[in-house]
Every structure is written in C-alpha cells, then in structure tokens.
Amino acid sequence: MNENELEEGTGGSGDATQDGAVAPVGETAPQAASEAPRLQPEFTGRAGEYFRIWIVNLVLSLLTLGIYSAWATVRNRRYFYGNTDLAGQRFDFHGSPVAILKGRLIGAALFLVYVFGAQFHWAVPLVAVVVISASFPWMLVQALRFRLANTSHRGLRFGFQGTAAAAYRAFGPLLLVSVAVLVFYFWTVGQVDVEDPENVQMNTMMILGASALVFLVSVLLMPVLWYRIRSFTMNHVSYGRHLFSAELRQGVFWGALGAAFGLGVAATMVVFLVMIAVVAVVMFGTGAVSDPDSMNPNTLLITIGLAYLLFIPAYLLPFSVWHCMTTNHVISVTRLENLGFRLRLGMMKYWWIMVSNAAVAVISLGMAIPWAKVRMERYRISCLEVTGDPNVFLAGTRRDPTATAEELGEAFDLDFGF
Amino acid sequence: MRGHWTAPGASLTRPASLRSEGGEWVVGVDPDPLEDAPHGADVEAGHSQAARAGDAGNEARAAADDVRVSSRLASIPRRLEFPGGGCFSTLDNDAVDQLLGRRGESGEASLVDRLERRWAWALVAVAALPVCLWLLFTVGLPIVAHPLANAIPERAVDTLDDAVLTLLEEQLLEPTELSLDQMLQAEAQVDRLGLNDRVDLVFHGGGDIGANALALPGGTVVFTDELVELLETDDELAAVLAHEAGHVAEKHSLRNLVQSVGAVAVLGWIFGDLSFVTDLALVSVPAVLQQLSYTRRFEREADAYAHRLLEEHGIPAACLSTALSKLVEQARGPVSELPSILQTHPGLEERIAASGDGPACGE
Ligand SMILES: [Zn+2]
Numbered sequence: 000m001n002e003n004e005l006e007e008g009t010g011g012s013g014d015a016t017q018d019g020a021v022a023p024v025g026e027t028a029p030q031a032a033s034e035a036p037r038l039q040p041e042f043t044g045r046a047g048e049y050f051r052i053w054i055v056n057l058v059l060s061l062l063t064l065g066i067y068s069a070w071a072t073v074r075n076r077r078y079f080y081g082n083t084d085l086a087g088q089r090f091d092f093h094g095s096p097v098a099i100l101k102g103r104l105i106g107a108a109l110f111l112v113y114v115f116g117a118q119f120h121w122a123v124p125l126v127a128v129v130v131i132s133a134s135f136p137w138m139l140v141q142a143l144r145f146r147l148a149n150t151s152h153r154g155l156r157f158g159f160q161g162t163a164a165a166a167y168r169a170f171g172p173l174l175l176v177s178v179a180v181l182v183f184y185f186w187t188v189g190q191v192d193v194e195d196p197e198n199v200q201m202n203t204m205m206i207l208g209a210s211a212l213v214f215l216v217s218v219l220l221m222p223v224l225w226y227r228i229r230s231f232t233m234n235h236v237s238y239g240r241h242l243f244s245a246e247l248r249q250g251v252f253w254g255a256l257g258a259a260f261g262l263g264v265a266a267t268m269v270v271f272l273v274m275i276a277v278v279a280v281v282m283f284g285t286g287a288v289s290d291p292d293s294m295n296p297n298t299l300l301i302t303i304g305l306a307y308l309l310f311i312p313a314y315l316l317p318f319s320v321w322h323c324m325t326t327n328h329v330i331s332v333t334r335l336e337n338l339g340f341r342l343r344l345g346m347m348k349y350w351w352i353m354v355s356n357a358a359v360a361v362i363s364l365g366m367a368i369p370w371a372k373v374r375m376e377r378y379r380i381s382c383l384e385v386t387g388d389p390n391v392f393l394a395g396t397r398r399d400p401t402a403t404a405e406e407l408g409e410a411f412d413l414d415f416g417f
Numbered sequence: 000m001r002g003h004w005t006a007p008g009a010s011l012t013r014p015a016s017l018r019s020e021g022g023e024w025v026v027g028v029d030p031d032p033l034e035d036a037p038h039g040a041d042v043e044a045g046h047s048q049a050a051r052a053g054d055a056g057n058e059a060r061a062a063a064d065d066v067r068v069s070s071r072l073a074s075i076p077r078r079l080e081f082p083g084g085g086c087f088s089t090l091d092n093d094a095v096d097q098l099l100g101r102r103g104e105s106g107e108a109s110l111v112d113r114l115e116r117r118w119a120w121a122l123v124a125v126a127a128l129p130v131c132l133w134l135l136f137t138v139g140l141p142i143v144a145h146p147l148a149n150a151i152p153e154r155a156v157d158t159l160d161d162a163v164l165t166l167l168e169e170q171l172l173e174p175t176e177l178s179l180d181q182m183l184q185a186e187a188q189v190d191r192l193g194l195n196d197r198v199d200l201v202f203h204g205g206g207d208i209g210a211n212a213l214a215l216p217g218g219t220v221v222f223t224d225e226l227v228e229l230l231e232t233d234d235e236l237a238a239v240l241a242h243e244a245g246h247v248a249e250k251h252s253l254r255n256l257v258q259s260v261g262a263v264a265v266l267g268w269i270f271g272d273l274s275f276v277t278d279l280a281l282v283s284v285p286a287v288l289q290q291l292s293y294t295r296r297f298e299r300e301a302d303a304y305a306h307r308l309l310e311e312h313g314i315p316a317a318c319l320s321t322a323l324s325k326l327v328e329q330a331r332g333p334v335s336e337l338p339s340i341l342q343t344h345p346g347l348e349e350r351i352a353a354s355g356d357g358p359a360c361g362e
C-alpha cells in the first residue's frame with residue numbers, strides 16, 4: 000500500500016463536501032431529505048505554485064542532510080489537503096514532522112537491513128520479509144491512526160478506531176499463509192543442488208513446481224487479502240463521533256484480478272510483437288540480415304533498449320485496472336451517516352495519466368514531477384461525487400481521550416512506498 | 000475579512016466575517032436565512048451548538064493573543080482557532096497577515112513560505128539541486144562510506160568472498176585449464192610483491208568475460224586463463240596483480256557497496272513521497288551514473304597503488320600500461336565505443352600517462 004492509497008482512505012472517508020454549484024453552506028435552503036444534494040469535490044492546486052513549494056523543500060532537505068525532509072513532507076501534504084475542496088471547505092493536515100521522521104527512520108532501517116543483509120547471507124532478506132509481514136498489520140494501524148487523526152475537515156478530526164489486535168484477527172491468518180508459502184519456496188530452492196548432474200531433471204521439476212505453487216497461491220490469496228484489509232480499514236475510519244461503514248463484496252476483487260491478469264497478458268504479448276517488429280525493421284533497414292558483421296552492435300542495443308521501455312506501460316496497465324476497479328468499489332459502497340460516496344476512476348484514463356506522467360517526469364529530469372502530481376490529484380478528485388449534507392456531524396471521540404493521546408504519541412507515519 | 004465559521008463541536012460551517020476590536024478579534028456569523036432546521040436530530044444539535052458558540056447569539060470573540068493562527072502556505076486557507084474550539088477559516092491570507100501585524104509569524108514556517116512564494120528563489124533552488132546532488136555523491140557519500148566499509152568485520156567479508164566466488168563459478172567462470180607451470184609463474188608474483196598475507200590468487204576459465212582479473216573484497220583475486228596466456232611476462236602479471244591488490248587494499252568493493260546502497264537510501268529518503276514510477280526513474284538514473292564514476296575513480300586509485308608497489312619492487316610502472324594495452328586490444332568491442340561517462344575504466348591514454356616517465360616495460 001502506498002501513500003496514494005492511504006490518502007484515498009482519507010479522501011474517500013472525508014471527501015464529503017458540497018461544491019460551489021450547490022450554493023455556499025448555509026446560504027440556501029437545505030434540500031428535501033429525499034433528494035440529497037450532490038457535491039462535487041474539487042482539487043484547486045496549481046502546478047506552478049506547487050512547483051515552487053516542491054523545489055524549495057527538496058533543496059532544503061538536501062542542505063540539511065535529509066533532516067528537514069519530514070518538515071517538507073508536512074508542507075507538501077498540507078498543500079494537497081488544503082487544496083482539496085468539499086462543499087466550499089478545504090481539508091487540513093495537522094501532522095507533526097517528528098512523527099514523520101520516526102516513521103522514516105523505521106523505513107530506512109528496514110531497507111538497510113534488507114539490502115546489506117542480502118549481500119552477506121541469503122537468509123537475511125527472507126527473515127526481513129517475515130518480520131515485515133508479521134508486523135504489517137500493526138504498522139498499518141499505526142500509520143492509519145497517524146494519518147487520519149491528523150486530518151480534519153470543517154473543524155472535525157478524522158480518526159482510525161481499529162486496533163492492531165483486530166487487524167491481526169481480520170487478516171493475520173492470511174498473511175501467515177502467504178509467509179509460509181514464501182518460506183517454503185526459499186527452503187525448496189535452497190535445498191536443491193543445481194550443479195548435481197545426476198538429478199538435473201528432478202531438481203528443475205522441483206524448482207518449477209515450487210515456483211508455480213507460490214505463484215498460484217499468491218494470486219489466489221491476493222483478492223481475499225485485499226478484500227479483508229480494505230474492509231477492515233474502511234469500517235474503522237471515523238469522522239468526529241461518527242463511523243464510516245462499507246459493505247465490500249469479495250467478488251469485485253476477484254473480477255478485478257481476472258481483468259488485470261487478462262489485460263496484463265494481452266499487453267505483454269503486444270509489447271513482444273512490437274519488439275520483434277522493431278528489431279526486424281532495423282535488421283532489414285541496415286542490411287544486417289544479409290551481412291550480420293556490418294551491424295553496429297550499438298544500434299541493436301539501443302533498439303532493444305527502447306523497445307524494452309514499452310514494458311513499463313504494459314506493466315502499469317494491470318496495476319491501473321486493479322487499482323481503479325477495487326478503489327471505485329470500496330469508495331462507492333462507503334457511507335457516513337447520511338453521506339454517500341461515488342468514485343468513478345476510468346482505468347484507461349488513469350493508466351494514461353500514470354504513463355504520460357512518468358514519461359514527462361523522466362524527460363524533464365524530474366522537474367515536471369509537481370505538475371504530474373497535481374494533474375493526477377485533480378483527476379482523482381474529479382472522479383469523486385458525494386451526496387448528502389456535510390453540515391450535520393458532531394465532534395467527540397468514541398474512546399477515552401487520554402488513551403488516544405498516548406497511542407498517538409507512539410504513532411508514526413509510514414509511506415509503504417518502499 | 001470574509002471567511003467561514005465552524006462552531007465548536009460540530010461540522011456546521013457558515014459564512015462569517017472577522018474584525019479586530021481593540022485587542023480582541025470578533026467573528027460575526029451571517030444570519031441563517033432559514034432558521035427552521037432541516038432534517039434529523041444531529042442537525043439540530045449542530046445548529047444549537049453553533050448558536051451557543053457565539054456569545055451574543057451570532058458572535059464569537061477572543062483576545063487576539065489567544066487565537067492560534069496556522070502558518071501561511073501558498074494560497075490554502077488560514078485557520079484561526081479560537082480558545083473555545085471554534086475555528087474561523089479564510090482564503091484571504093494577506094488580510095490575516097495584516098491583522099497579525101507586528102506579532103507576525105515566526106520560525107521556520109514563515110521563512111520557508113517567503114522562499115516558496117518567489118519564482119526567483121525557486122530558480123535558485125533549481126540551480127542548487129544538481130550542485131547539492133553532485134556534492135552529496137562525490138564528496139558526502141565517499142567520506143561516509145570509507146569508515147563504514149572499514150567497520151564491516153573481517154569474518155563477514157570472508158563470507159562475502161566465498162558467496163561471490165561460488166556465484167561466479169556457477170554463473171560465469173569455468174574450471175581452469177592452465178598448466179601447473181603457468182599457475183606457478185603467476186603465483187610467484189604474489190611472493191615477489193610480498194602480498195602473501197593479503198591476496199589469495201585463484202585461476203578460472205574466463206568464459207564470456209575472456210581475459211580479465213577480478214578482486215573480491217576479502218582479498219581473493221581471480222585471474223582468468225585467458226589473462227595468464229595473454230600476459231606472458233612476469234612483470235606484466237605482477238603489474239595486473241598489483242592493480243588488483245590495490246582494489247583489495249583500498250576496500251573498493253565494500254566502499255562501492257556502501258556507496259551505492261547509500262545513494263539509493265538517500266534519494267529514497269529525500270524523494271520519499273513520490274509515486275513509484277518517478278521514484279524509480281529519479282533514483283536509478285543518477286545511481287547508475289554515479290556508480291560508473293566511482294568505478295572510474297577506484298580504477299585510478301588502484302593504478303596509483305600498483306605504481307607504488309611495482310616501483311618498490313623494482314618493476315617498471317610502465318608494465319601496467321603495457322598489460323592494459325594488451326587487454327584493451329583484445330577486448331575491443333561495443334564497450335569501448337560508448338561515450339566516456341558510460342565507460343567503467345578511465346581512458347587508456349589517461350592511465351598510461353599516469354604511470355609517469357619511468358623506464359619502459361621489459362627492459
Ligand atoms: Zn581495476
């Protein structure tokens with residue numbers, strides 16, 4: 000799960016505001032209960048403005064050897080939240096940089112252990128993966144708690160009411176199965192002596208079998224695991240004293256998996272065909288077919304390199320399909336008292352924005368990243384629609400406020416971007 | 000100034016205006032055109048709480064110093080949090096600054112805001128970005144990597160050697176086909192340069208990499224059969240050995256490992272909140288380029304080490320150049336045609352020049 004999805008949890012829960020077209024709050028008569036007002040959230044950020052914030056904070060982070068980066072994150076997030084408008088009111092982010100720094104230190108430590116460990120012993124990454132998986136529910140709860148408790152709209156705070164224990168109950172067993180499969184795989188591969196000439200066939204069969212099994216199990220686990228995770232998170236988000244509810248359907252996740260898989264295979268095949276065609280054209284064009292020695296090896300290398308770039312969009316396609324189908328569903332079945340939500344991300348449009356953003360970001364040597372982020376956010380927010388009256392919610396916590404404060408002291412921010 | 004007032008305890012938000020009266024700030028909430036509450040008990044509760052928030056029905060007031068004002072950031076709304084829990088928010092940032100007057104804003108937020116507001120500073124930052132990254136990679140990371148590489152325990156490094164060698168034997172290298180005499184000839188160079196404690200010489204068929212020599216971090220040096228056959232003379236073998244011993248002595252593999260992991264970690268840290276695609280592009284491109292420039296610097300260091308070692312033992316430093324020329328000669332292929340920034344070795348001319356004006360090899 001990366002930052003975007005965390006934000007979506009926030010956005011989906013909170014993007015409840017009414018748009019300007021419906022009339023500023025309090026100035027018109029509320030509509031009859033039967034036809035709830037439709038609110039169109041809007042993202043008002045501008046690329047030029049955000050570019051200045053982004054570049055200044057980036058350089059400050061570098062100049063302070065990374066320490067300022069937590070403060071930079073807060074400013075970036077405040078900009079995005081503060082430009083998300085629902086019913087004439089913006090969202091607010093209140094997070095403290097120190098908590099973000101804490102989360103980043105944890106992330107960096109995990110990364111270093113993983114990468115360095117791998118150089119010295121093959122089992123280190125495996126242990127790291129097991130530890131990370133085992134602590135994932137706990138980390139997820141901590142991160143959501145931090146993110147949501149520091150988000151507000153119309154003066155009311157969001158919150159996350161789920162506990163780590165509940166998270167383990169909800170999807171711990173499934174995680175256990177995934178980890179067990181992974182350990183089994185590495186164990187099998189570790190056991191097999193590839194060089195042993197007497198059992199080549201047998202060993203190859205074992206490795207292939209283990210790989211197939213791991214692939215199958217992880218593919219079959221994914222829809223269930225994601226269904227459980229998103230169901231758990233959406234149903235524990237609070238706004239003021241009110242709780243969000245979402246009755247997810249597991250079938251949608253299976254459908255998304257099927258669509259993503261099918262389109263992924265199709266896209267990969269298209270890319271292969273294009274690659275073969277391009278190489279063939281180059282070979283004929285340079286006359287290398289009749290005389291292979293006349294071929295400049297660099298030409299071929301560059302051609303293959305360019306064709307290889309096509310794999311990036313092909314790989315983003317199934318990701319985009321999966322993301323749009325599942326997120327649309329999750330948000331659209333979410334309710335908050337009288338508020339209903341509807342999200343209509345177009346998977347092709349989403350895919351196109353991701354691909355073109357990546358291309359523009361690389362071509363501009365990174366300078367267009369702010370533009371790309373603003374563009375994506377504007378699209379995502381424009382796909383959301385909220386119905387209902389956002390004026391009726393009450394503050395208050397469902398739990399002992401001192402306990403909440405203590406837990407918040409332990410909370411940290413994790414981006415799951417790694 | 001115009002804005003919205005959110006009553007304490009509820010999400011009810013209504014248009015309002017704020018004015019300064021002496022030392023107090025007063026929020027006047029616009030009258031609700033329809034007093035009859037819409038639907039539901041929650042709404043009524045919200046309305047009544049909002050009403051209670053204002054002292055005189057539709058007003059809230061507080062001493063200016065008790066109101067917490069959020070720091071300015073681009074054009075997002077300012078929050079003015081009143082002591083009772085109510086909040087006045089407005090898009091009129093200039094008016095808020097004016098109201099704050101001399102109290103103003105302090106701390107890093109207002110400084111950063113001033114930088115963010117001007118295009119001139121943004122352009123300065125654009126210019127500073129590559130300079131900062133360059134300094135980080137060429138000065139910062141190497142300084143940090145050196146002591147870190149030294150701190151990695153000997154035992155761990157030996158394990159690493161074994162692991163790498165096993166991997167190379169599986170993937171790349173073949174069993175040696177050298178004669179005993181050839182091996183002894185090369186082994187003799189280890190003795191001759193006094194490297195017995197530090198270097199562990201092994202031989203392998205080169206396979207795809209042909210004539211080549213590799214130095215692993217723990218002191219294992221691999222000579223390929225093709226190399227030993229190519230460099231017939233003792234002096235040339237000694238020169239290549241001295242160069243590889245330079246890599247070992249300067250802990251180049253470990254420093255390289257620490258630096259490349261460090262580069263990715265630093266960039267990931269600073270660019271932390273990017274989506275993964277741009278992340279990948281931004282992190283991998285400079286990482287690859289800096290990796291290549293490290294390698295070139297390491298080659299120069301190893302050459303310098305070799306020159307010193309050879310001269311100490313009365314071997315002309317030029318022998319390294321001769322040996323390198325031979326290697327380059329037989330390896331002429333696609334790599335040598337790439338532009339110099341993409342080559343892992345500094346230009347041959349540069350390295351030959353670095354060997355100085357000593358006696359020629361083989362004299
Ligand atoms: Zn070298």
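For the protein sequence lines, the chains are A and B, in the order given.
So that you can map any letter, position 122 of the first sequence is 121 in numbering that gives the first Met the number 0, and since no number is skipped, the others follow by simple counting.
So that you can map any letter, position 33 of the second sequence is 32 in numbering that gives the first Met the number 0, and since no number is skipped, the others follow by simple counting.
Where is the CB? At the ideal position from N, CA and C, for every residue including glycine.
Neighbours of A:A394 in chain B, taken as residues at a C-beta separation under 9 Å, are given in chain order as P7, G8, A9, S10, Q48, G84.
For B:A61, no Cβ of chain A is located within less than 7 Å of the residue's own Cβ. With fewer than 16 other beta carbons inside 10 angstroms of its own, B:H312 counts as exposed. Within chain B, no residue has its CB atom less than 8 Å from the CB of A:R156, the nearest being about 11 Å off. Per the DSSP secondary-structure output, B:P14 pairs in a beta bridge with B:H3. For B:E311, the CB stays at least 6 Å from every heavy atom of ligand 1.
The beta-carbon of B:E153 is placed no less than 7 Å from the nearest beta-carbon of chain A. For A:F318, the enclosing alpha helix (DSSP H) has its first and last residue at 310-331. Chain A has a Cβ within less than 7 Å of the Cβ of B:W268. Take A:M353, set aside five residues on each side of it, and the residues of its chain with a beta-carbon closer than 7 Å to its own are L315, S319, in chain order.
The three-state reading of DSSP puts A:D388 in coil, since its state is none of H, G, I, E or B. Proximity of the beta carbon of A:E48 to ligand 1 is not indicated: no heavy atom of the ligand is located closer than 6 Å.
Listed along the chain, the chain B residues whose CB falls inside 8 Å of the CB of A:Y78 are L72, A73, I75. Distance from the C-beta of B:A301 to the nearest heavy atom of ligand 1 is below 6 Å. Ranking A:Q39, A:I54, A:F135 by CA distance to the CA of A:Q88 puts A:Q39 first. Scanning chain B for C-beta atoms nearer than 8 Å to the C-beta of A:E48 yields A73, S74, reported in chain order. The beta carbon of A:W70 sits closer than 7 Å to those of P96, all from its chain and outside the five residues before and after it, given in chain order.
By the neighbour-count criterion, in which 16 or more other beta carbons inside 10 Å mark a residue as buried, A:V332 falls on the buried side. Unbroken beta strand (DSSP E) stretches of 3 residues or longer found wholly inside the stretch 149-194 of chain A: 150-152, 155-159, given in chain order. CA-CA distance, A:F392 to A:S151, rounds to 12 Å. In terms of beta-carbon proximity, A:L61 lines the interface with chain B, with at least one pair separated by less than 7 Å.
In this structure, B:E298 has its beta carbon less than 6 Å from a heavy atom of ligand 1. Counting only the Cα atoms, A:F90 lies some 5 Å from A:Y80. The bridge partners DSSP lists for B:W24 are B:S19, B:A61. Only residues of its own chain outside the window of five on either side were considered, and among them L114 have a CB closer than 6 Å to the CB of B:W120, listed in chain order. Looking only at A:A98, A:G161, A:I54, the smallest Cα-Cα distance to B:L128 is reached by A:I54.
The beta-carbon separation of B:P141 and B:Q258, rounded to 7 Å, stays under the 8 Å limit for a contact. Between B:P7 and B:G85 a beta carbon distance of about 5 Å is seen, short of the 8 Å cut, so the two are scored as contacting.
In this structure the stretch 294-304 of chain B does not touch the stretch 223-230 of chain B; the number of beta carbon pairs closer than 8 Å is below three.
For B:T223, the uninterrupted beta strand (DSSP E) segment begins and ends at 219-223.
Taking every protein chain shown into account, the CB of A:L59 has 16 or more other CB atoms within 10 angstroms, so this residue is buried.
Ranked by how close their Cα comes to the Cα of A:I303, the residues A:V277, A:P312, A:K101 have A:V277 in first place. One alpha carbon belongs to A:A169, the other to A:A259, and they sit about 25 Å apart. Assigned with DSSP and collapsed to three states, B:E173 falls in strand. If you check the CB distance, B:L308 and B:A241 come in under 7 Å.
Proximity to A:W137 across A:T162, A:Y378, A:R227, A:V223 peaks at A:T162, based on C-alpha coordinates.
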